[in-house]
Structures are given as structure tokens and as C-alpha cells.
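*Asks:* Chains as they are written, first to last, in the numbering used here: chain A, 1 to 111; chain B, 1001 to 1112. Don't be surprised by glycine CBs; every beta carbon is placed ideally from N, CA and C.
Structure below.
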């Protein structure tokens, strides 16, 4: 099955810094989702995007559905220690019938 | 509370035994999914179900079986045919196929 290209693979940042990560696909997607997973837990949905160009915020998180429909971006502003975890993108292609997941970005926030 | 519940959280089994993982949702969602997660890897789809009494194989269905007799329940059986069953298993549901999916808290299966 298709896997999305997610980068960076890991990030180590100071508390208070902003974070950016992205996800790309070789095919066009109709839906982009961003999840956060804490160790030993299930992923929690952060943001859902359904339209090309759409920009959606959830508190300090902002995600965008790329214009080409082949990418998506997640930004976290003013990071705090509880932002630590693994962030996954997920998408649904316009030809497929399942979600495809990225390999995850591991975020460490140094107090 | 509405949500999706997986049980148990941790499961240990001897090699050669079948084991069934439970997944229940009270969100009135039509679609349900089972994923497998291995360290450092993304989620891989095992099986999915769009509606009661219907399910389809995902990318890595070999050695697994499912049933969908009730809308709320989608149990996964890991059979002895699965060559490398030790993993973290995640169940998810969505209102219909390809809409926002919500996950359970996962079951960590260890086969010794």
C-alpha cells in the first residue's frame, strides 16, 4: 500500500519555538488528516482538511491542504512540553478507498 | 461517553495460539478499521468494514480474520498463521468510509 512521505522524521526543539512538518504524496488526495500519538496510546485527531488551499487552526496548531492536493503542512506555534509525541499525517486519494498514513514525525521539546 | 474502546490494553499469548482483540464503538459509525503499528513505522491496514456483515482485506490481511456481525463491534483474530504477530494493534472508526477516523487506545500483543 501507499505510504506518504513525511518529514522531518524527528525534531528536537526548545520550548517556545515554532515547529513545521509536512507530508507529500505522489497522487492527488481529497482529504488530509493530522494526528498526534503519545507513547502506548492511539492517535488523536488534531485537524481535518477537505479542500485544496484550506487553512485550518486548532489552538496553537495550524494545518494547510496544499494547492496541488499532493501535500499538507502542520505548524505548531510556541511549543510546550506536552507537544511531545509522534505526529502522523493521513490522506485519502481520489482513486483509493482507504486512508494512507505517513511514517510520522517524532517531536521532542526541551524545556 | 462516546468513543471507541479496545480491550485488553496488553495481551500475552503463546506461539501457535489464536487470539482475539476486541473493538467496540458507540459513535454510530458505519466504517471500522484495524491497523498494525510496528516500532518506527506508520500504520498498516489489516482489514476494514464499510457496513455490517461486510469487510475487506487491507494491505496485510494474511494471518488475520475479522467479523462484523454488529455495527458497534469489529473483533480481530490473530491466527497462528500470522508469522510475526507481536505488534501494537489499533482499531478505528469513521462515520462513513474515508471521513475523519477516530482511534481506540490500542492493544499491545506480545507472542512468546
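1) Count the CB pairs spanning the region 51 to 70 of chain A and the region 1015 to 1034 of chain B that are closer than 8 Å, and state whether there are at least three.
2) Give me the Cβ distance between residue 1106 of chain B and residue 1006 of chain B, rounded to the nearest whole Å; I'm assuming they're in contact under 8 Å.
3) Between the region 1073 to 1105 of chain B and chain A, which residues of the former have CB atoms less than 9 Å from a CB of the latter, in chain order?
4) Report yes if the CB atom of residue 30 of chain A is closer than 7 Å to the CB atom of residue 75 of chain A, and no otherwise.
5) Just to make sure I have the definition right: I need the residues of chain B whose C-beta is within less than 7 Å of the C-beta of residue 43 of chain A. Which are they?
6) Between A:25, A:43 and A:21, which lies nearest to residue 1100 of chain B when the distance is taken from Cα to Cα?
7) Exposed or buried, which one is residue 1093 of chain B when buried takes at least 16 other CB atoms within 10 Å?
8) Enumerate in chain order the residues of its own chain whose CB-to-CB distance from residue 69 of chain A is below 6 Å, with the five nearest sequence positions on each side excluded.
9) Flag this pair as touching only if the region 1025 to 1045 of chain B and the region 1085 to 1092 of chain B have three or more C-beta atom pairs under 8 Å; answer yes or no.
10) Distance cutoff 7 Å, beta carbons only. Does residue 1003 of chain B sit that close to anything in chain A?
11) If you measure between the beta carbons of residue 73 of chain A and residue 22 of chain A, is that distance less than 7 Å?
12) Just to make sure I have the definition right: I need the residues of chain B whose C-beta is within less than 7 Å of the C-beta of residue 61 of chain A. Which are they?
13) For residue 1049 of chain B, name the three-state secondary structure that DSSP assigns.
14) Give me the Cβ distance between residue 1054 of chain B and residue 1068 of chain B, rounded to the nearest whole Å; I'm assuming they're in contact under 8 Å.
15) Are any of the Cβ atoms in chain A nearer than 7 Å to that of residue 1063 of chain B?
16) Using a Cβ-Cβ distance under 7 Å, would residue 1021 of chain B count as near chain A?
17) If I measure Cβ to Cβ from residue 1075 of chain B and keep anything under 8 Å in the same chain, skipping five residues before and after, which residues do I get?
18) From the DSSP output, in three-state form, read off residue 82 of chain A for me.
19) For residue 941 of chain B, which residues does DSSP report across the bridge?
20) Against chain B, with Cβ distances strictly below 7 Å, would residue 52 of chain A count as a contact?
21) What residues from the region 1038 to 1053 of chain B come within 9 Å of chain A, judged by C-beta to C-beta, listed N to C?
22) Which one of A:40, A:3 and A:108 has the shortest CA to CA distance from residue 79 of chain A?
*Replies:* Working from what's here:
1) no
2) 6 Å
3) 1088, 1090, 1091, 1092, 1094, 1097, 1098, 1099, 1100, 1101, 1102, 1103, 1104 and 1105
4) no
5) 1103
6) A:43
7) buried
8) 28, 29 and 52
9) yes
10) no
11) yes
12) The premise fails here: residue 61 of chain A is roughly 15 Å from chain B at the closest Cβ pair, so nothing lies under 7 Å.
13) strand
14) 7 Å
15) no
16) no
17) 1020, 1021, 1022, 1023, 1066 and 1067
18) helix
19) With chain B covering 1001 to 1112 only, the question about residue 941 of chain B has no answer from this structure.
20) no
21) 1040, 1041, 1042, 1043, 1044, 1045, 1048 and 1050
22) A:108
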